[in-house]
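Chains as they are written, first to last, in numbering that gives the first Met the number 0: chain Y, 0 to 157; chain F, 0 to 370.
For each residue, glycine too, the CB sits at the ideal point set by N, CA and C.
Keep in mind the model is a prediction, meaning the values are calculated, not measured.
Have a look at the structure below, then the notes.
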Amino acid sequence: MFIVDYLKDVYGAMKSLLIGMNRTGYYFTHHKEIITEQYPDNRDTLVMADRFRGEVVMAHDENNEHACTGCSACELACPNGTIKIINKFDISPEGKKKKAIDTFVYHLELCTMCGLCVEACPTAAINMANTFEHSVFNRGLLTKRLNKPDSKLKAGVE
Amino acid sequence: MVEEIGKTAEGDLIINVGPQHPATHGVLHLVITLNGETIKKVEPHLGYIHRSIEKMCESLTYRQFIYSTSRMDYLSAHINNHACALTVEKGLGIEIPARAQVIRVLMDELTRIASHELWWGAMAMDLGAFTPFFHAFRERESINDIMEETCGARLTMNYMVPGGVMMDLHPNFQNRVKTFLKLYKLKIHEYDELVTGNIIFQNRMKGVGYLSKEAAISYGVTGPAARGSGVSCDVRKLYPYEIYHQLQFDEILETEGDSFARYMVRLREMNESIKIIEQLIDNIPDGDFQAKTKAVLKLPKGEFYQLVETARGELGVYIVSEGGTTPYRIKFRSPGFSNLSCLDHITRGGKIGDLIASMGTLDLVIPDIDR
Numbered sequence: 000m001f002i003v004d005y006l007k008d009v010y011g012a013m014k015s016l017l018i019g020m021n022r023t024g025y026y027f028t029h030h031k032e033i034i035t036e037q038y039p040d041n042r043d044t045l046v047m048a049d050r051f052r053g054e055v056v057m058a059h060d061e062n063n064e065h066a067c068t069g070c071s072a073c074e075l076a077c078p079n080g081t082i083k084i085i086n087k088f089d090i091s092p093e094g095k096k097k098k099a100i101d102t103f104v105y106h107l108e109l110c111t112m113c114g115l116c117v118e119a120c121p122t123a124a125i126n127m128a129n130t131f132e133h134s135v136f137n138r139g140l141l142t143k144r145l146n147k148p149d150s151k152l153k154a155g156v157e
Numbered sequence: 000m001v002e003e004i005g006k007t008a009e010g011d012l013i014i015n016v017g018p019q020h021p022a023t024h025g026v027l028h029l030v031i032t033l034n035g036e037t038i039k040k041v042e043p044h045l046g047y048i049h050r051s052i053e054k055m056c057e058s059l060t061y062r063q064f065i066y067s068t069s070r071m072d073y074l075s076a077h078i079n080n081h082a083c084a085l086t087v088e089k090g091l092g093i094e095i096p097a098r099a100q101v102i103r104v105l106m107d108e109l110t111r112i113a114s115h116e117l118w119w120g121a122m123a124m125d126l127g128a129f130t131p132f133f134h135a136f137r138e139r140e141s142i143n144d145i146m147e148e149t150c151g152a153r154l155t156m157n158y159m160v161p162g163g164v165m166m167d168l169h170p171n172f173q174n175r176v177k178t179f180l181k182l183y184k185l186k187i188h189e190y191d192e193l194v195t196g197n198i199i200f201q202n203r204m205k206g207v208g209y210l211s212k213e214a215a216i217s218y219g220v221t222g223p224a225a226r227g228s229g230v231s232c233d234v235r236k237l238y239p240y241e242i243y244h245q246l247q248f249d250e251i252l253e254t255e256g257d258s259f260a261r262y263m264v265r266l267r268e269m270n271e272s273i274k275i276i277e278q279l280i281d282n283i284p285d286g287d288f289q290a291k292t293k294a295v296l297k298l299p300k301g302e303f304y305q306l307v308e309t310a311r312g313e314l315g316v317y318i319v320s321e322g323g324t325t326p327y328r329i330k331f332r333s334p335g336f337s338n339l340s341c342l343d344h345i346t347r348g349g350k351i352g353d354l355i356a357s358m359g360t361l362d363l364v365i366p367d368i369d370r
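Okay, here's the thing in structure tokens:
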């Protein structure tokens with residue numbers, strides 16, 4: 000009986016190996032089922048999800064106006080100290096002082112893309128862009144100013 | 000090291016596996032004492048990826064600290080965040096909307112499948128088969144795409160906030176998940192054909208790395224590694240959280256206790272996760288995805304503990320609060336640390352060639368062990 004069991008084992012072993020080889024051979028002859036994306040050759044056609052958290056950006060409209068009031072909620076919400084807001088005081092025509100944002104400093108090199116700042120923003124001034132190619136040759140370039148020069152607060156945003 | 004060499008008998012060989020070794024899945028350093036081919040002792044040395052997440056969390060607020068736990072067990076990042084959010088909610092005593100609960104459970108199970116897929120590929124790669132890795136990543140990729148679309152990130156999701164989830168589901172979510180379920184059912188037989196039924200694989204897994212039920216309990220092993228030894232320890236069944244008590248699924252138990260049993264538990268567990276997703280995907284209730292919470296969260300004075308079942312086992316989050324905005328102390332009971340502790344037990348007396356196979360079935364994630 001020993002020889003029968005032995006032959007059965009050999010048969011089972013060969014069968015299991017052939018089943019596996021069959022699967023490998025299937026993909027060898029069915030190239031269309033291979034789903035590899037050829038990045039960076041497919042850069043032109045690459046579609047990123049709209050919610051993908053790549054970096055923090057501040058939206059400006061055509062009049063160069065943004066919705067950031069300088070309330071520092073994002074600065075407080077950030078766990079890494081990525082955001083630093085520098086405020087200034089504008090003087091309105093009536094002679095009143097009004098707080099406004101001077102510089103919105105964003106340290107991309109410290110950012111972990113957690114999205115807590117966007118969630119904390121009461122006026123939806125900042126959002127996450129879905130860009131992801133952040134490499135630069137100079138580290139200083141990673142510290143960004145998000146509000147454009149001479150931009151103003153949108154009317155009606157408090 | 001000098002003293003350890005002094006302890007060994009004459010003729011013993013000490014070799015270092017890692018900390019930079021592809022089979023240790025990270026920066027785990029194993030000091031192995033060998034007598035010929037037989038393992039006499041395996042001693043894990045930790046600390047190569049210690050980032051003191053627990054200490055860091057003490058200076059972060061209850062909203063902020065959740066993101067850092069994604070970096071512990073990065074393969075079930077979502078479930079880690081879930082545990083933290085649950086603990087904070089327990090302290091605050093807030094009710095979570097039904098929609099948020101269903102979304103959380105759906106995401107948890109997707110994460111569990113993705114984690115097991117990666118483990119399956121890495122397990123086969125440990126044994127020298129490279130093709131299964133790509134097969135596993137094909138299915139895992141479609142889960143990652145779902146995560147990217149709804150949560151905004153592929154691996155470190157940070158989708159949980161105290162009180163619910165950060166954003167509502169993406170409109171495509173249900174269709175994408177259904178497409179994934181179809182793909183999964185079409186492809187899952189390949190896993191058995193390529194690896195499970197393979198005679199070389201079976202010979203290397205069966206009877207190797209035996210962990211008895213008693214040893215599993217005494218080492219504190221949890222998750223699929225313990226369920227392979229017949230220990231009933233599924234937190235989703237024993238201490239249900241969220242809506243797990245309403246769901247129909249089985250706790251997978253195998254009694255052999257060897258590497259192959261642990262392997263089978265994980266493969267069968269993926270099917271249970273598929274069952275849970277199928278029950279929920281068409282029954283997502285309407286309503287809020289986030290409960291109303293204050294802008295600044297303050298936990299009352301006291302201690303809070305919550306268990307969840309991650310892909311690797313039981314994760315506990317323990318928060319001591321003094322009533323302020325930041326925790327006084329946070330402790331994570333990570334499954335990987337306890338599972339690693341039994342490595343010496345299951346490999347001692349075995350051959351060095353079986354070490355990697357036994358270690359692979361414990362599904363170790365080193366950042367989870369070191370934190």
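Which residues in the same chain as Thr159 of chain F place their Cβ atom closer than 8 Å to its Cβ, once the five residues preceding and following it in sequence are excluded?
It is Met, not Thr, that sits at residue 159 of chain F in the sequence shown. Counting only Cβ-Cβ distances below 8 Å, and skipping sequence neighbours, we find Ile65, His77, Asn80, His81, Cys83, Ala84, Arg103 and Met165.
May I ask you to list the residues that DSSP assigns as paired with Lys87 of chain Y?
Y:Ala99
Given Phe259 of chain F, which residues of its chain have a CB within under 6 Å of its CB, disregarding the five upstream and five downstream residues?
Met204 and Lys205
Minimum Cβ-Cβ distance from Gly24 of chain Y to chain F less than 8 Å:
no
Of all the alpha helix (DSSP H) runs that stay within the bounds of the stretch 293 to 350 of chain F, which reach a length of 4 or more residues?
334 to 340 and 342 to 346
With DSSP as the reference, identify every bridge partner of Arg144 of chain Y, one or two as the case may be.
Y:Val104
Could you give the first and the last residue of the continuous beta strand (DSSP E) run that contains His77 of chain F?
Counting along the chain, His77 of chain F falls outside any beta strand (DSSP E), though it belongs to the alpha helix (DSSP H) covering Ala76 to Leu91.
Are the stretch 174 to 193 of chain F and the stretch 123 to 137 of chain F in contact at 8 Å, needing three or more beta carbon pairs?
yes
Would you mind telling me which residues of chain F sit closer than 7 Å to Thr164 of chain Y, beta carbon to beta carbon, in chain order?
Missing from the structure shown is residue 164 of chain Y; chain Y here goes from 0 to 157 and no further.
Could you check whether Asn338 of chain F and Leu314 of chain F sit closer than 8 Å to each other, using their CB atoms as the reference points?
no
Which residue's Cα is closest to the Cα of Val41 of chain F: F:Ile368, F:Thr324 and F:Met358?
F:Met358
Taking Cβ positions only, does Glu74 of chain Y come closer than 8 Å to chain F?
no
His128 of chain Y - DSSP class collapsed to helix/strand/coil:
One detail in the question is off: residue 128 of chain Y reads as Ala in this sequence, not His. Three-state DSSP puts Ala128 of chain Y in a strand.
Three-state secondary structure assigned by DSSP to Leu12 of chain F
strand
Extract the residue ranges of the alpha helix (DSSP H) inside the stretch 175 to 216 of chain F, only unbroken runs of 4 or more that lie entirely within it.
198 to 204
Quick check on the DSSP output: what are the complete beta strand (DSSP E) runs of length 3 or more inside the stretch 3 to 63 of chain Y, in order along the chain?
54 to 57
Spatial neighbours of Thr130 of chain Y within its chain, please: C-beta separation below 7 Å, excluding the five flanking residues on both sides.
Gly53 and Glu54
Just verifying my parser: in three-state terms, what is the DSSP assignment at Met159 of chain F?
strand
Beta-carbon neighbours of His169 of chain F, restricted to chain Y and to distances below 9 Å
Ala48, Asp49 and Arg50
Would you give the residue range spanned by the alpha helix (DSSP H) that His44 of chain F belongs to?
No alpha helix (DSSP H) holds His44 of chain F; the beta strand (DSSP E) holding it covers Thr37 to His44.
For the alpha helix (DSSP H) that contains Leu115 of chain Y, what are its first and last residues?
Leu115 to Ala119
Report the rounded CA-to-CA distance for Lys5 of chain Y versus Leu16 of chain Y, giving the unit in angstroms.
The sequence given here has Tyr at residue 5 of chain Y, not Lys. Taking the straight line joining both Cα atoms gives about 17 Å.
Checking contacts by CB at 8 Å: is Lys151 of chain Y closer than that to chain F?
no
Helix, strand or coil at Phe1 of chain Y [DSSP, three-state]:
helix
Please report the straight-line C-alpha distance between Asp89 of chain Y and Lys95 of chain Y, rounded to a whole angstrom.
8 Å
Using the three-state DSSP reduction, which class does Glu2 of chain F fall into: helix, strand or coil?
Note that Glu2 of chain F has pLDDT 48, beneath the 50 cutoff, so the model's placement of it is unreliable and the number below is only indicative. Glu2 of chain F: helix per DSSP, three-state reduction.
So which residues of chain Y does Glu435 of chain F contact, with C-beta pairs closer than 7 Å?
Residue 435 of chain F cannot be examined here, being either before or after the span of chain F that is shown, 0 to 370.
Mind listing the chain Y neighbours of Gly163 of chain F? Cutoff is C-beta to C-beta under 9 Å, in chain order.
Within 9 Å Cβ-Cβ: nothing; Gly163 of chain F doesn't reach chain Y, min ~12 Å.
Whole-angstrom distance between Ser71 of chain Y and Gly114 of chain Y, CA atom to CA atom
15 Å
Given a limit of 7 Å on CB to CB distance, which residues of the stretch 104 to 133 of chain F reach chain A?
Looking at the structure shown, chain A is missing, and the protein chains on hand are Y and F.
Taking DSSP as the reference, what is the three-state secondary structure of Thr68 of chain Y?
coil
Per DSSP, Ile82 of chain Y forms a beta bridge with which residues?
Y:Tyr105
Between the beta-carbon of Ile125 of chain Y and the beta-carbon of Cys73 of chain Y, is there less than 8 Å?
yes
Any chain F beta carbon closer than 8 Å to Ala12 of chain Y
yes
Beta-carbon of Arg62 of chain F versus every beta-carbon of chain Y: anything under 8 Å?
yes
Any idea what DSSP makes of Asn282 of chain F, helix, strand or coil?
coil
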